[in-house]
Structures are given as structure tokens and as C-alpha cells.
Amino acid sequence: MVVCGDDGLVHRLAAELSGVYGERVTVVLPPARDGRPRPAAAAGRAATLLGRVTGAVGRASGVNGTTGATGPLGASGASGALVRIVEAAEPDDEALAEAGVDRAAALALVYDDDETNIHAALRARRVNPRLRLVIRLYNRRLGQYLEELLDQAAQVGTGEAGGTPAEATTTVLSDADTAAPALVAVAVSGHSKVIEAGGLFLRAVERPPLRPGASTELGTRTLALLPAPGSDAGPVMLPGAEEERSAAGRGRIVLETVRYSPPPQQPTRLTSRGLPLGSFFSRRLRWALICLAGAVCGLAVASWLVSDEDPPHAAYLSLLDLFAINDPAVGEPLGRQVLQLLSGLTGLLLLPLLVAAALEGLGTFRSASALRRPPRGLSGHVVLLGLGKIGTRVLARLRELDIPVVCVERDPQARGVALARSLRVPTVIGDVTEEGVLEAAKIGESRTLMALTSSDVTNLEAVLYARSVRPDVRAVMRLYEDRFAKAVYRTLRDSHPQAWTRSRSVSYLVAPAFAMAMMGRQIQGAVPVERKVILIAVLEAGAHSALRGRTAAEAAEPGAWQLLALAPNPTDPHPAPLWDPPPGHVLRPEDRVVLAATRQGLADLLGRGPRPRAGVR
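Take the sequence shown: its letters are residues 2 to 618, numbered as in the numbering used here.
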């Protein structure tokens, strides 16, 4: 396996392939002399900041010991015997040749720049048409076109015109799209990530501990047992039935099925550039215009009743009097003269109203291109820090769920600012470390803080400041280094036991998906449990000896994998998924099963467990 990249994802992916699947990995990294910061180096200042809080709760020694520098492959510590490092400024022909792409089984291109990944993918496909490609791209539409192009190139290169070779697949993934649902899930109270697998919609939710003698809720499956309050033990992944019943005082992460219901159709409203027509004018101005129109109609009717003119001509004379362009009613009946005076007075009122309407309409158009400020009285919203790649995707997901959001971004030219403007999301431009920025986002009235900037220091500082303003605010942080993130989580949990804190690493969340794509398998989703991940996969029972011919009860392996459902077979006339099949159901070779598994458990099930490492240290 060859992995090329320039940020934290390349380290995670290499550790995943070598540590979980036992694959030999060649990593292409930029040389250190280029001055590019290593991902683990960013934890230094953040650890200093955390130490102040740690000292306050009497845990300084425990946390400071977790912030040591990591190795060249990050905290996971992949074995040096299975990982070879090649330094190259860019993935050109020489770098790919030195990495052995011509004889590799798979290549992952995870540079942060889309253009670099595309150029390298075209080179690699030319060198090795049978190479399995996994490409990291932010542009989803371009990714679809690139998959088709590279698959066609594989057909031409191998001479197999009947179809793309099985091992020469091209998979385009976006770390932002993969991580955004999980980040949104932990920010929404009572909800978690919804995964579509085998025709089922599955949702992971946190439940309180079971009462003594009680059983699991009907229609749910326990994925993990959470640590008891005050305990330093980690979660128990995929526990067995006996282990679950004997776990007293431990919360649970359970998986349940949900029915998908599309949002109700909203009545169509006439809009202009996405703005309701009613927003052009204030309520007072609209009522003033309505009253003035009623007065004009009343004058037209009175003119028709007083004069002998027909109704259209009477209305015409009233309009002439309204705009003061009619001849004076000298020598005409008294009623006609009074109506002309009243029409003139009404015309005097019309001019300022027309000017006010023009100014308000102009102001509405100008504000449409400007960022909104948080409105007065806003509360219970989500404060989103950072509108980069990840923040932009998270913002889109939050608005899809109709959750009120206030964004904070330092760079007015960030990619997510345009999306916030188009969605009419209130946005504060400023540095979150400066005084008054979080107050402008109404952090004191918010419900959740999502710190998703690329700086661990900024994210941690924002959460600590938010805790001082509102101790019970929910906090979701994006942190890179595992041990440091665990220290942050435990320290904030102990110093603010009534609050709710989660830390997530984007590269840690998405690395399993990239690794599975390199192995030629696709996973349907991932459920984060603290700093660990449970994978949801769909497999064919006939391809795995641990599933084929066994009953549903025998197919489960506590701590490794659980059988959740039977996915519909495409050849069935009326396909329908079967959630929680009976324990005595015997799996046929053609059955497609939906599994929940740990990363190591799925690797063992696929027969790609870690290889023997005799003599390796």
C-alpha cells in the first residue's frame, strides 16, 4: 500500500493499514526541511493552556504526561518494519517510482490540495492501470467525473474493454463529507448519526444505565457501554448479553432503526434571489401603503357618487387630483371641491411613503449581499467556530436539520462565508481569541459550541472561555492528537461534571473509511464512541467462513462484531431488510448481512488481520 499526503490524515491512514490490517505501507511525505509543521507539534501550546485548568482540579501530573511528542506516524505508533517513508516535495513521477506504485496494490492520495491529488492520480493510473486508487477530494461533482475517467483509463490500460478490472477501482472520498455527520450528531441533543445500510436507517443514541433485572429496549442493539462517572476506564465495545446485564451504572450507546420521513412540503412563496417579497418592506410601511390605497379607492368611489361621471372616468379624475395635475374645481359643486382638496392632501402623504419604500427596498438588496448579525432574543442556538472545509459541511448539515446557527470566522474570504451568506446565517467576523467575539455570537444564550478550526489551541481556548461564561454549555472540539484529546476530555469532565464535552479528530473519524476503500471494501458508516469508532458494514455471508452456514446467534462475536440485520438481495422480487433476525436463522451464502464491528474485528472477519511480526519491535 502507498499513502501520499501532507497532513494528519496520512499518518492516521498509514497507522490504520499497518496496525489493523498488517499491510506493508510506503508513506510519501514532504521533507521536513520545507518548514511544513508536523501535526503533532501543534499540541504544545494547547497542552500549556490545558495545564492551567488541570492544576485547578489537581490533575496536573496526569495530563502533562500525555502531551509528549508522537512519532513520525502519530500516536498510533505503526511498526517501522511495516512502514517505509519516502520524502518528496510533491508526488511526481520520481516519487511515485521510488514508492513502488508500479507494483503496489493500492494508492491513497490524501493531500489537502485537490489539484495535487488529481495530477498524481493521472500519473499513477498511467504507470499501473490495475492500481486501486483512493483519492481525497473536496469537490464532490468533480470527484464523480474523475472516478469515471480513471476507470475508463484502467480499461484502456489493461485491454479489458468489457469492464473495469476488479482491483483497479477508483474511489473518491471527502474527509469533510465523511466527518460532518458525526460532528453534527454529537452536537445535537438526543440525536446521533443516521446511517443508511442495507435499506435501513440506523441511529445511534445515548441511553441511561439499565435498571437491575431490566433488559435492553425492544428493537435496539447495544453498541458500547460507557465508563461510569468518575472512572478512568474506557468504553466496552459491542458487549455480550451477560456483560451488558452485569454492567451496573454504565450508560450505553444503542443502535435503533428509524423511519425516514421527508420534510413536509412548504407552501411555495414568490421570492426574489431567495428573499421573500414581504421582507422588502417593513410591517409599518406595508400597513401605511394599504391604508393609503384604501383611501384612494374611497375617494374614487366618492367622486363617482358625487359627480355624474362613469366609474372609470371618476377614478381617473381622482388620480389626477391625487397627483395635483388636474385643473382646480372652480365653479363646480361643493362636493367636488372638497374631494379635490382631500385628494391633494392624500397625495402629499403618498410622496414620503414612496420614498420610504424605495429606500427600504434598496436596503434589503444591500443586506442580501452582507452577512447577518445575530438577532436580538436569539437563544438555544449552535455557535460554530471555523468555516473551513469541515465547518462548511457541518454548517450545511445543521441548516438541513433546521437548527439555528451563529458562525464565527476570522477570515472573511473563507470558503464557508459565502455559504453562510446564501443561507442567511448570522456570522461574526473576528478572532475567537479576542475579547467580545464570542459575546457577539451570544455564547451565553447558546446551547452548543462547536470549535472546528484547524488550531487545537484556538479550539481549546474557545471552549475554556465558553465554560467560564456558561458552565453548562455543550462543547464539541476538533483536536488532533489522541492522548492529548483524551486528557482534555477527562479534565473538562472532572472540572465541569454538570457539562457535556466531546472531542473529535477528523482524521481519526475518516481514516477507517479510507483504509477500507484501499482494501477493496466499502463501509456504510461509523459511530464514534468517545475516541473509538464502531463501523457499520454490509457483507455477503458466503464470502466469510465466520458467517456462512451459521445461525444469527452463532455469527456474533462479542467485542468484535454483531449481526444487526439481513440486507435485501437485489435479485429478490420484493426486497425488504430484516432487522434483528431470529437467533435460529441460518445464514445462506447469498445472504447480505449488516454488521456492527470494531476496526480490528472487521479486519479479522475479512481475513486481513495483522500479520505475524516476529522480530519486529
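The beta carbon of each residue, even a glycine, is placed where N, CA and C say it ideally should be.
It should be emphasised that the depicted structure is a prediction, and the values quoted were computed from it without experimental measurement.
Residue range of the alpha helix (DSSP H) that includes residue i
| i | result |
| --- | --- |
| G602 | 600-606 |
| L300 | 284-307 |
| W125 | According to the sequence displayed, residue 125 carries Ala and not Trp. Unbroken alpha helix (DSSP H) run through A125: 115-128. |
| L227 | Taken as a continuous stretch (DSSP letters only), L227 belongs to no alpha helix (DSSP H), as it is neither H nor E. |
| E99 | 94-100 |
Assigned exposure category for residue i - 16 Cβ within 10 Å defines buried
| i | result |
| --- | --- |
| V418 | buried |
| C408 | buried |
| F324 | exposed |
| Y640 | The first residue shown for the chain is 2 and the last is 618, placing residue 640 beyond what the model contains. |
| W288 | exposed |
| E410 | buried |
| C292 | exposed |
| C5 | buried |
| G392 | buried |
| D412 | exposed |
| H314 | exposed |
| E436 | exposed |
| I444 | buried |
| P583 | exposed |
| N129 | buried |
| D103 | exposed |
Simplified DSSP state of residue i, which is helix, strand or coil
| i | result |
| --- | --- |
| F202 | strand |
| A76 | With a pLDDT of 36 at A76, under the threshold of 50, the predicted position of this residue should be treated as unreliable, and no value is reported. |
| Q414 | coil |
| W580 | strand |
| G81 | Its pLDDT being 46, under 50, G81 is placed unreliably in this model, and the coordinates cannot settle the point. |
| L10 | helix |
| P313 | helix |
| L219 | coil |
| A476 | strand |
| G20 | helix |
| L278 | Any reading at L278 must be qualified, since the residue scores a pLDDT of 47, below 50, and its modelled position is unreliable; the value itself is stated next. DSSP places L278 in helix when its eight states are reduced to three. |
| M238 | strand |
| P498 | coil |
| I326 | coil |
| D152 | helix |
| I196 | strand |
| P529 | strand |
| E257 | strand |
| A597 | strand |
| V331 | coil |
| E91 | coil |
| I462 | It should be pointed out that residue 462 corresponds to Glu in this sequence rather than to Ile. Of the three classes helix, strand and coil, the one that applies to E462 here is helix, per DSSP. |
| E591 | coil |
| R208 | strand |
Test item: CB-CB of residue i and residue j under 9 Å
| i | j | result |
| --- | --- | --- |
| R246 | L227 | no |
| T179 | V511 | yes |
| A597 | R222 | yes |
| P210 | R253 | yes |
| R475 | L450 | yes |
| V3 | A105 | yes |
| L536 | R593 | no |
| V530 | P236 | yes |
| G543 | P578 | no |
| L30 | I86 | yes |
| A125 | L138 | no |
| E446 | S380 | yes |
| R479 | T502 | no |
| I631 | V173 | Since the first and last residues shown for the chain are 2 and 618, residue 631 lies out of range. |
| L239 | T599 | yes |
| L461 | V438 | no |
Range of the contiguous beta strand (DSSP E) that encloses residue i
| i | result |
| --- | --- |
| A566 | 562-568 |
| V587 | Per DSSP, V587 belongs to no beta strand (DSSP E) and is neither H nor E. |
| S504 | 502-505 |
| E541 | 533-541 |
| A109 | 107-111 |
| N30 | The residue asked about is misnamed: residue 30 is Leu in this sequence, not Asn. Start and end: 26-30. |
| T172 | 171-174 |
| R549 | Here R549 belongs to no beta strand (DSSP E), and DSSP marks it neither H nor E. |
| L132 | No beta strand (DSSP E) contains L132, which DSSP labels as neither H nor E. |
Cβ-heavy atom distance, residue i to the ligand FMN, below 8 Å
| i | result |
| --- | --- |
| R85 | Questions concerning the ligand FMN fall outside what the structure shown contains, since it holds no ligand whatsoever. |
Unbroken stretches of the alpha helix (DSSP H), 4 residues or longer, contained in the segment 421-457:
438-441
Secondary structure, beta strand (DSSP E): runs of 3+ residues fully inside the segment 337-403:
383-386
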